[in-house]
Amino acid sequence: MTDTVNTETHGFQAEVKQLLKLMIHSLYSNKEIFLRELVSNAADAADKLRFKALSDNSLYGDDGELRVRISIDKTARTITIDDNGIGMSREDVISHLGTIARSGTSEFFDNLSGDQAKDSQLIGQFGVGFYSGFIVSEMITVNTRAAGAAADQAIQWESEGEGDYRLTNITKESRGTEIILHLREGEDDLLEAWKLRQIVNKYSDHISIPVEMWKEGQPESEGPDGPDGEKTPAVPGEWDSVTRASALWTLSKSELKDEEYQEFYKHIAHDFEDPLIWSHNRVEGKQEYTSLLYIPARAPFDMWNREKEHGLKLYVQRVFIMDDAEQFMPTYLRFVKGVLDSNDLPLNVSREILQDNKITTSLRTACTKRVLTMLERMAKNDDEKYLKFWNEFGQVLKEGPAEDMANKEKIASLLRFSSTSVDGAAQEVGFGKYIENMQEGQEKIYYITADNYTSAVKSAYLEIFKKKGIEVLLLTDRIDEWLLSHLTDFDGKQLVSVTKGDLDLGALDDDDAKKAKEEATEEFSSLIERIKTTLGEKVADVRLTHRLTETPSCVVTNEDGMSSQMIKLMESAGQAVPPQKYIFELNPEHEMIKRVADEADETVFADRVQLLLEQAQLTERGSLDDPAAFIARMNRLIG
Numbered sequence: 001m002t003d004t005v006n007t008e009t010h011g012f013q014a015e016v017k018q019l020l021k022l023m024i025h026s027l028y029s030n031k032e033i034f035l036r037e038l039v040s041n042a043a044d045a046a047d048k049l050r051f052k053a054l055s056d057n058s059l060y061g062d063d064g065e066l067r068v069r070i071s072i073d074k075t076a077r078t079i080t081i082d083d084n085g086i087g088m089s090r091e092d093v094i095s096h097l098g099t100i101a102r103s104g105t106s107e108f109f110d111n112l113s114g115d116q117a118k119d120s121q122l123i124g125q126f127g128v129g130f131y132s133g134f135i136v137s138e139m140i141t142v143n144t145r146a147a148g149a150a151a152d153q154a155i156q157w158e159s160e161g162e163g164d165y166r167l168t169n170i171t172k173e174s175r176g177t178e179i180i181l182h183l184r185e186g187e188d189d190l191l192e193a194w195k196l197r198q199i200v201n202k203y204s205d206h207i208s209i210p211v212e213m214w215k216e217g218q219p220e221s222e223g224p225d226g227p228d229g230e231k232t233p234a235v236p237g238e239w240d241s242v243t244r245a246s247a248l249w250t251l252s253k254s255e256l257k258d259e260e261y262q263e264f265y266k267h268i269a270h271d272f273e274d275p276l277i278w279s280h281n282r283v284e285g286k287q288e289y290t291s292l293l294y295i296p297a298r299a300p301f302d303m304w305n306r307e308k309e310h311g312l313k314l315y316v317q318r319v320f321i322m323d324d325a326e327q328f329m330p331t332y333l334r335f336v337k338g339v340l341d342s343n344d345l346p347l348n349v350s351r352e353i354l355q356d357n358k359i360t361t362s363l364r365t366a367c368t369k370r371v372l373t374m375l376e377r378m379a380k381n382d383d384e385k386y387l388k389f390w391n392e393f394g395q396v397l398k399e400g401p402a403e404d405m406a407n408k409e410k411i412a413s414l415l416r417f418s419s420t421s422v423d424g425a426a427q428e429v430g431f432g433k434y435i436e437n438m439q440e441g442q443e444k445i446y447y448i449t450a451d452n453y454t455s456a457v458k459s460a461y462l463e464i465f466k467k468k469g470i471e472v473l474l475l476t477d478r479i480d481e482w483l484l485s486h487l488t489d490f491d492g493k494q495l496v497s498v499t500k501g502d503l504d505l506g507a508l509d510d511d512d513a514k515k516a517k518e519e520a521t522e523e524f525s526s527l528i529e530r531i532k533t534t535l536g537e538k539v540a541d542v543r544l545t546h547r548l549t550e551t552p553s554c555v556v557t558n559e560d561g562m563s564s565q566m567i568k569l570m571e572s573a574g575q576a577v578p579p580q581k582y583i584f585e586l587n588p589e590h591e592m593i594k595r596v597a598d599e600a601d602e603t604v605f606a607d608r609v610q611l612l613l614e615q616a617q618l619t620e621r622g623s624l625d626d627p628a629a630f631i632a633r634m635n636r637l638i639g
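Numbering follows the UniProt record's numbering, in which position 107 of the sequence shown is assigned residue number 107; successive positions increment by one, without gaps.
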């Protein structure tokens, strides 16, 4: 390997000092993970070469045995991780090693809390595993040559992690990447071969290609009978595999420990935290495949980016084909990580072929069912763990009923919401539990959508439900209104918004309440007509309601009308929304309504009616079209 004279210095594209300080201090107690990350990257490089070689076998050259090698130089105080995988071009080096957390750097630093334990968990979510080498190194040198490139097209990357890095054109005789860690003072224990073997066995035994270390030979020795005895021949040193080099998912579940599953997850997900749950299955018969699916414990920072690549690692007959094969997992399950190994797909399969492949459809259906079954079991057997999952991924799961009609009921059973039956905003009531708690004679599931928990739980629309002890689900996520446009019932029970239509409680309404409605309708008929005349086209209708017990008035929409929450959702997305006319409802038991009915002055009457309408609109929408007129009208009435 020879250097050429040109060396360029580049600045990192992210706040490297802050990140490296965080990594060193947050992860130092578990500093050995640096080796796991670098070996994992090396194994990925080998997998990618194996896939590219399917269409261009010449990429192997005269070196077809893929491996990762770890070596120690005690004199130079260096550890070298060397692979003969895909390697990197100059552009690859700048892209992958010149930028920390290439997407979402600002979000990364916004999420830092100062809590070392929590902050360290963020690191794995931002693709910065390579930089963990700086935990133990004062400088890192990377020599790399892309497969298929000439020897003089190799590149050297070097940095002390202090804000910049250097690039030098070099000659490298073999393809692949060599990472040289120049150890910090005090890291001498890592220069012991047994120590590195121990770390590799602990974290990387599942790697599907051999991880090798140098095994010292033995010199020629004299035999047992003295100088004239038979001599033992010398044994030369050799590269020796320190891992079993078999893909973990190909092993029987009975052979594997939880710790091995957890370490494999960290390898494929580049996460620093254990997964929440996993499912390992081998299917034989009409189709033959193995799946190992994981649900992470924590949502990645970019989970809401539906365009980001997601999916499973796809293998065909143990051969790596692609990362992020999204065809096997619906978008609403984009948080699932794992491996799918099929015996039925062709080795030269592409994303385009996968798109319209019947085998793909069948595998997607099976993997989706597997994940939903995993979630069902967790929801049934471990409320605490499921609530942890829900708080991380619940809003994404709510996309499911619209996306996956075949599993709509199963997904709906996994949804959780706040409710008037529980204290606080913790989301812990599902549709199934709601139905179990329904009152005798109750045939519908009642819900309300609002901007936040406080607005929902204090809403005037809940007054009659609180009085009668009827549970109402409190839906406070922006996506909830959209969700319920695709989910209209559950287990034969209709989902009914308490802010829509003419409220009918059915068997939950007693005879006295029904009689009171009839009497009030007759008593206030002239007032209703007078208000209709006053408001004209400002409202769709005016009528009495018994959904209110403490509030004088409210506005509602027709059963098929667009709710205020849906209007807000569409407006936030930049979509045009047609003008909305509400139905104006009055509480005949309220003293203010009776006072308005007795008002003889038409000007004062009009102001009072308009004020009641605007108060109701403000409660429902959170804003008014003309707040200045509202203030002026209020001042006239109280002045």
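Ideal Cβ positions, reconstructed from N, Cα and C, are used throughout, including at glycine.
Taken in chain order, the unbroken stretches of beta strand (DSSP E) that lie wholly in the segment 201-272 and span 3 residues or more are 211-215 and 238-241. In the three-state reduction of the DSSP assignment, E178 falls in the strand class, which pools E and B.
The segment 580-594 makes no contact with the segment 474-482, as fewer than three CB pairs between them are under 8 Å. Counting the other CB atoms within 10 Å of its CB gives N437 a total below 16, which places it among the exposed residues. The C-alpha of R364 is placed about 16 Å away from the C-alpha of S350. Between K408 and the set L484, M378 and D83, the nearest pair of CA atoms involves L484. Bounds of any alpha helix (DSSP H) do not take in L292; it lies within the beta strand (DSSP E) bounded by Y289 to I295. Per DSSP, the beta-bridge partners of G11 are D164.
Setting aside the 5 residues that flank it on each side, L613 is surrounded in the same chain by L535, K538, V539, S553, V555 and F584, each with a C-beta closer than 8 Å to its C-beta; the list follows chain order.
Beta-carbon to beta-carbon, L527 and A597 are separated by about 5 Å, close enough to satisfy the 8 Å threshold.
The alpha-carbon of N452 is positioned some 18 Å away from that of F393. Between V200 and I70, the C-beta gap is smaller than 9 Å, which places the two residues in contact. By alpha-carbon distance to E620, the top candidate from K500, V142 and V316 is K500.
Note that the segment 305-319 touches the segment 341-348; at least 3 beta-carbon pairs, one per stretch, sit closer than 8 Å. Restricting attention to I445, I209 and E399, the CA atom closest to the CA of I435 is found in I445. Where Y434 is concerned, the enclosing alpha helix (DSSP H) starts and stops at F431 to E436.
Short of 7 Å from the beta carbon of K172, and not among the five residues preceding or following it, lie these beta carbons of its own chain, in chain order: M1, N143, R145, A151 and A154.
In this chain, E428 is not harboured by any alpha helix (DSSP H), its DSSP state being neither H nor E.
Its chain contains L548, T549 and E550 as the residues whose beta carbon lies nearer than 6 Å to that of E463, once the 5 sequence neighbours on both sides are disregarded; these appear in chain order. The beta carbon of W482 sits closer than 8 Å to those of A402, M566 and L569, all from its chain and outside the five residues before and after it, given in chain order. K385 has its alpha-carbon roughly 7 Å from the corresponding atom of M378.
Using a 10 angstroms sphere on the CB of T420, the tally of other CB atoms reaches 16 or more, which defines it as buried. In the DSSP assignment, K514 falls within the alpha helix (DSSP H) that extends over D511 to E523.
Bounds of any alpha helix (DSSP H) do not take in H280; it lies within the beta strand (DSSP E) bounded by I277 to V283.
If you look at G338, you'll find it isn't in any alpha helix (DSSP H); it sits in the beta strand (DSSP E) that goes K337 to S342. The shortest CA-to-CA distance from T141 to any of S159, R244, S459 and I135 is the one to S159. In this model, D189 and D56 are separated by some 43 Å (Cα to Cα).
Taking C-alpha positions only, K74 is separated from E376 by approximately 53 Å. For F301, the secondary structure class from DSSP, reduced to helix, strand or coil, is coil.
For E158, the enclosing beta strand (DSSP E) has its first and last residue at A154 to S159. By the Cβ rule, the segment 275-292 does not count as touching the segment 61-69, because fewer than three pairs are nearer than 8 Å. Distance from the CA of L59 to the CA of I353, rounded to the nearest whole angstrom, comes to 24 Å.
Beta-bridge pairing by DSSP links T144 to I155 and T177.
In the pairwise beta carbon analysis, the segment 238-250 is classified as not touching the segment 170-185: fewer than three pairs are separated by under 8 Å. One Cα belongs to P627, the other to D383, and the distance between them is close to 46 Å. One thing to note: V136 has its Cβ within 9 Å of the Cβ of L181.
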